[in-house]
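First comes the structure, then the notes that go with it.
Numbering (this note's numbering), first residue to last: 135 to 399.
This is the structure we're talking about:
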């Protein structure tokens, strides 16, 4: 399996890619800094052997997305899986709680890569993208009552994740009447974003949206709940989300394809 990973220099994407490499897959990383793994003893053998390949690029620029996609497929072997786990460095502020810069980081990365991949279902890669539990109103209702206080502090990054969810909803052709959230603000989803994706909804066929509960730095337990709109989820480690992606989603694709899956304890 050939995987293109965007936003995988650390955390969920990194852990998932390391698992995939150990299982014998090829992983191509788009990295702003191609020296990110220079001191990484676990990753270096895969880079040296060519099993892991590094492409310099910034997910915030469409031209980089296009170049990355082109280079990833240049050997004639198509990319099977696109893994999107972009996340920014969080900063706490007194007025807005936790913020990221830019505030539309994840949405921009998604729009850029969706604008350059094939729209023909026969040649589309499988896409696995990480958003967050509690982003949409329905999933927010399912949060534990005491957890809702924490989610108030992450409203800014959640607005970005909501932009991702809106782009997926439209691209997948899900019924518009089921979208109850209103349109994300223009600084998240700029006017004309639909035209960037071809102007016609319903073209995206092969994807899974992963919605983690509150993320922690714990170890792998492989003991978590996963399903659509699950109530009462509190936390989940980044390594467990990586485990879910590599051991559940990619190994049993037909079970999860076309779904937004909440994962947690």
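C-beta: ideal position from N, C-alpha, C; glycine also.
>> Looking at residue 347: is its Cβ nearer than 8 Å to the Cβ of residue 368?
In response: Cβ atoms of residue 347 and residue 368: closer than 8 Å.
| Using CA coordinates, which residue listed in 220, 381, 337 is at the minimum distance from residue 358? | Cα-wise, what sits closest to residue 358 is 381.
Flag this pair as yes or no: are the beta carbons of residue 190 and residue 168 separated by less than 8 Å?
For residue 190 and residue 168, yes; Cβs fall inside 8 Å.
*Mind checking which residues open and close the beta strand (DSSP E) that includes residue 345?*
For residue 345, the enclosing beta strand (DSSP E) stretches over residues 341–346.
### Residue burial classification, residue 298 (beta-carbon count within 10 angstroms, cutoff 16)
Residue 298 comes out buried.
Could you give the uninterrupted runs of the alpha helix (DSSP H) lying entirely in the region 200–274, keeping only those of 4 residues or more?
For the region 200–274, whole alpha helix (DSSP H) runs of length 4 or above, ordered along the chain, are 239–248.
In terms of DSSP beta bridges, what is residue 185 paired with?
DSSP output for residue 185 lists no bridge partner at all.
Practice prompt. Leaving out five residues on either side along the sequence, give the residues of the same chain with a beta carbon under 6 Å from the beta carbon of residue 170.
Written response: Within the same chain, and ignoring the five residues on either side of residue 170 in sequence, the residues whose Cβ sits closer than 6 Å to its Cβ are 143.
(Q) On the DSSP bridge list, what partners appear for residue 164? (A) BP columns for residue 164 point to 140, 189.
Handout entry: Beta-carbon proximity list for residue 351, same chain, < 7 Å, skipping 5 on both sides
Key = So the qualifying residues of the chain are 371, 372.
_Among 186, 303, 135, 209, whose alpha-carbon lies nearest the alpha-carbon of residue 263?_
Comparing Cα-Cα distances from residue 263 to each of 186, 303, 135, 209, the minimum goes to 303.
Do you know how far the Cα of residue 151 is from the Cα of residue 161?
Here the alpha carbons of residue 151 and residue 161 stand approximately 7 Å from one another.
| message | Closer than 8 Å is the cut-off here; do at least three beta carbon pairs connect the region 323–343 with the region 179–186? | response | No contact exists between the region 323–343 and the region 179–186.
Less than 8 Å between the beta carbons of residue 211 and residue 138, yes or no?
Their beta carbons are not under 8 Å apart, which means residue 211 does not touch residue 138 by this criterion.
Exercise for the section: Could you give the DSSP three-state label for residue 388: helix, strand or coil? Expected result: Assigned with DSSP and collapsed to three states, residue 388 falls in helix.
| What is the rounded straight-line gap between the Cα of residue 192 and the Cα of residue 247? | Cα to Cα, residue 192 sits roughly 11 Å from residue 247.
| query | Can you name the start and end residues of the alpha helix (DSSP H) that residue 379 belongs to? | reply | Note, residue 379: premise wrong, no alpha helix (DSSP H); not H, not E.
*Go through the region 304–336 residue by residue and report every complete run of the alpha helix (DSSP H) that reaches 4 residues or more, in order.*
Every unbroken stretch of the alpha helix (DSSP H) spanning 4 or more residues and falling wholly within the region 304–336 is given here in chain order: 327–330.
*Do residue 146 and residue 375 have their CB atoms nearer than 8 Å?*
Residue 146 places its beta carbon less than 8 Å from that of residue 375.
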